[in-house]
Every structure is written in structure tokens, then in C-alpha cells.
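Numbering-wise (this note's numbering), the sequence shown opens with residue 106 and increments by one.
A short worksheet on the structure shown next.
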Amino acid sequence: MTALASSLIAVSQSHSQSLPDIKTLISGADQFYDTPVARSEEGMPVGNGRMGTLVRTIPSSLKFQINRVDIFGNNSASNNFHERNTDYCNGAGFVDIEFVTWGDDVFTAPDFKQHLSCYDGIVTTEGLNISTRTLAWNEKDVMAS
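Okay, here's the thing in C-alpha cells:
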């Protein structure tokens, strides 16, 4: 459970008569994709407030750009990012989990599904014979998929 969800539950318990069910309320912001995104910045966000990523796929892999709030690799004089999708602000590194040895492409329609659970802070990605869950631990700078 995320820190936000914990705080809202505490408020809900003290005002249980006046507030709606917190899980239902937060889950209204969930995102669902039934096709892979075309651009990296359209990936599903997951993080803990200090570090995070946009979870996205290409047909044969799960892709992450790990970002941190305390990293900025250039200044106002930089001109090396001529397109917005090449600006890797806050980037700490890239992680790609490849499935090329599985044979067929795994993250393509009609088998592809992706869900961001805002209440749980988990991105679930499904493909051909595979399902992954990605989360960020709110206590430490740890992500797992």
C-alpha cells in the first residue's frame, strides 16, 4: 500500500461516516491499456516520490528508464536534446528485460494488457504467456518487476 493510501485510510477511519471507501475512490484513477504505447513518455508511471519509471514495452521486451528527483544531467546552456523525447532529465539508467529467446513477440495485441493500480502502486503488464508486476517500495529506493 502506498503512503498516500495509508494517509487517506487514517483520515477515513477518523471520519468514517463522511468519506467514501478510499480504495474505490483512488481506484477511479487507474489506467488500462489494451495495446502497447508508441512513445516512451506514454508508459505507465510507478514510483515512490524520489525515484520512478514509466513502464513500457516493445514487442520483445519490458523497458524502464529509472529516474530520480536529485539528478539533472545538463543545464540551460545544453542544446543536445533537439526533440522532447530525447531529453533524459533525471535519468539514472535504463533497464530492459528481454524476451527474445521466447520465440514469438510477447507484448503485442491481442495478448497485451497493462494496468496501473493507483491504490496499490503496481503496474501489471501481460503478454503472450507472461505476466509481470512492477512496483516501487515507498520506504527505500527499491524497484522490482
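Just so it is clear, CB atoms sit at the ideal spot from N, CA and C, and this is done for glycine as well.
For clarity, every value in this text was computed on a predicted model and none was experimentally measured.
{"Asked": "Go ahead and label Gln136 buried or exposed: buried means 16 or more other beta carbons lie within 10 angstroms of its beta carbon, across all protein chains shown.", "Found": "exposed"}
{"Asked": "For Ile163, which residues of its own chain have a beta-carbon under 8 Å away from its beta-carbon, when the five flanking residues on both sides are left out?", "Found": "Pro141, Phe212"}
{"Asked": "Might you give, ordered along the chain, the residues of its own chain that have their beta carbon closer than 6 Å to the beta carbon of Ile227, omitting 5 neighbours on each side?", "Found": "Arg238, Leu240"}
{"Asked": "Which same chain residues end up closer than 8 Å to Arg173 when comparing Cβ atoms and leaving out the 5 residues on each side of it in sequence?", "Found": "Arg155, Met156, Asn195, Ala197, Asp246"}
{"Asked": "So, helix, strand or coil for Leu233, using DSSP?", "Found": "coil"}
{"Asked": "Can you say whether Ile127 is buried or exposed, counting buried as having 16 or more other CB atoms within 10 angstroms of its CB?", "Found": "buried"}
{"Asked": "With Ile171 and Val200 assumed to form a contact (beta carbons below 8 Å), what rounded beta-carbon distance in angstroms separates them?", "Found": "6 Å"}
{"Asked": "When the Cα atoms are used, what is the spatial distance from Ser58 to Glu244?", "Found": "Because the chain in this structure spans residues 106 to 250, residue 58 falls outside the shown range and cannot be described."}
{"Asked": "Using only the alpha-carbon positions, how far apart do Ser250 and Leu167 sit?", "Found": "10 Å"}
{"Asked": "Tell me the rounded alpha-carbon separation between Phe204 and Ala115.", "Found": "42 Å"}
{"Asked": "So the candidates are Thr229, Met248, Ser165, Ser222; which of them puts its Cα closest to the Cα of Gly133?", "Found": "Ser222"}
{"Asked": "Terminal residues of the continuous beta strand (DSSP E) containing Lys128?", "Found": "From DSSP, Lys128 is part of no beta strand (DSSP E) but of the alpha helix (DSSP H) over 127-132."}
{"Asked": "Following the continuous beta strand (DSSP E) through Thr158, name the residue where it begins and the one where it ends.", "Found": "156-163"}
{"Asked": "Please work out which residues of its chain come closer than 6 Å, Cβ to Cβ, to Phe282, disregarding the five sequence neighbours upstream and downstream, and give them in chain order.", "Found": "Residue 282 lies beyond the residue range present for the chain, which begins at 106 and ends at 250; the question has no answer from this structure."}
{"Asked": "Identify which residue in Asp216, Phe217, Asp225 has its Cα closest to the Cα of Asn153.", "Found": "Asp225"}
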